[in-house]
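So the sequence shown is numbered by our numbering: it starts at 227 and just counts up by one.
Taking it in order: structure first as structure tokens, then the write-up.
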Amino acid sequence: MRMGEYIMTKSEATRDAYGEELLALGQVNERIVVLDADLSGSTRTSRFARAFPERFFNVGIAEQNMIGIAAGLATAGKIPFASSFAVFALGRAYDQLRTSVAYNNLNVKIAATHAGLSVGADGASHQALEDIALARALPNIRVVVPADGVETRAAVRTAAAVEGPVYLRLGRPKVPVLFGPEHEFAFGRGQKLREGSRAAIVSCGVMTYRALRAAEALAREGIEVTVVNMPSLKPLDEELLLEVARSCGAVVTVEEHSIIGGLGSAVAEFLSEEHPVPLRRVGVRDAFGRSGTPEDLFQAYGLTEADICRAVRELL
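Listed below in structure tokens is the structure:
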């Protein structure tokens, strides 16, 4: 498939899609309850709050308490979605997430927005670049990074239907829509979006559309690459990774996260044991973020289409 087969003419923030799908699920499943740490306008859980005030709990600026309450609601048979900014939902409430939710394998969904450098001007204190690493390290928790609004809706539906903890990583800005309404999400499954034999680009989240653009640029140079969207970081689609590593012989991972503990680490850990190939990781290289526009930050930290193309050329 080529980029032109994808929509990419309209944009939507994954947090907006989350708010809409949460509202839709609330209308058909009374077990769903929602918690927020005084950020419901930003996380878009305010839509659920207006429709179902008796099933919405604003705990204030108390993220640890939010996760504890969500754990209690899960033991009572509810399906709690707990939301805040990623830097708070994972960083500030990690002990509660570890001990109350993951250790007990409770049916809590953490839907964190405003992840990554694309938070922009809020700066390093609000730019979670290590949240995937924190979540991946915990047993029992599935980790999901949707590429667009369509995939977000599918992931939210799937998360609500599956038993056990899920971490959903969502963004602040609008991103191009890549998929049609028929697009499906499944844990442990990625999608091959473009075929090429020279190298494979494996991406997630906001970086998937950048990976597709990089593939187009490389194709104009005569370098055809495979592009894989990997929204499920835990569990990984190991079968697909093996397939593209064997057929392409080189892999570039692309993520809006530290290269330590994120998608690049997950892919490298698996392939180094099963089928070692030359590999490059495009992401934030062991640094905190800083204030700026999303595009300026992506350039400063090496996350542009040109940076992806450069990583592919280095392998070849």
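Cβ atoms here follow ideal geometry from the backbone N, Cα and C, with glycine treated the same way.
Under the Cβ criterion (8 Å, minimum of three pairs), the stretch 444–457 counts as touching the stretch 414–424. Between residue 457 and residue 414, the beta carbon gap of about 10 Å keeps them out of contact (Cβ cut-off 8 Å). The Cβ-Cβ distance between residue 493 and residue 533 does not fall below 8 Å.
Between residue 527 and the set 237, 485 and 332, the nearest pair of CA atoms involves 485. Looking at the backbone, the Cα of residue 531 and that of residue 446 are separated by about 14 Å.
The Cβ atoms of residue 520 and residue 344 lie closer than 8 Å to each other. Straight across, the Cα-Cα distance linking residue 287 with residue 436 is about 35 Å. Leaving aside the five residues that flank residue 257 on each side, the residues in its chain whose CB is nearer than 7 Å to its CB run, in chain order, 303, 304 and 305. Each residue's CA atom was taken as its position, placing residue 490 and residue 440 some 18 Å apart. For the pair residue 366 and residue 417, the CB atoms are not nearer than the 8 Å cut-off. About 5 Å separates the beta carbon of residue 260 from that of residue 307, a gap short enough to meet the 8 Å contact definition. Counting other Cβ atoms within 10 Å of its Cβ, residue 346 reaches 16 or more and is therefore classed as buried. For residue 411, there is no enclosing alpha helix (DSSP H), as DSSP gives it neither H nor E.
Residue pairing for residue 282: DSSP places it in a beta bridge opposite 260. In the three-state reduction of the DSSP assignment, residue 287 falls in the coil class, being assigned neither a helical nor a strand state.
At a Cβ-Cβ threshold of 8 Å, residue 341 and residue 397 count as neighbours. Note that the stretch 394–412 touches the stretch 372–385; at least 3 beta-carbon pairs, one per stretch, sit closer than 8 Å. Counting C-beta atoms within 10 angstroms of its own C-beta, residue 301 has fewer than 16 neighbours from the protein chains shown and is therefore classed as exposed. Shown here, residue 392 sits in a strand according to DSSP, grouped into three states.
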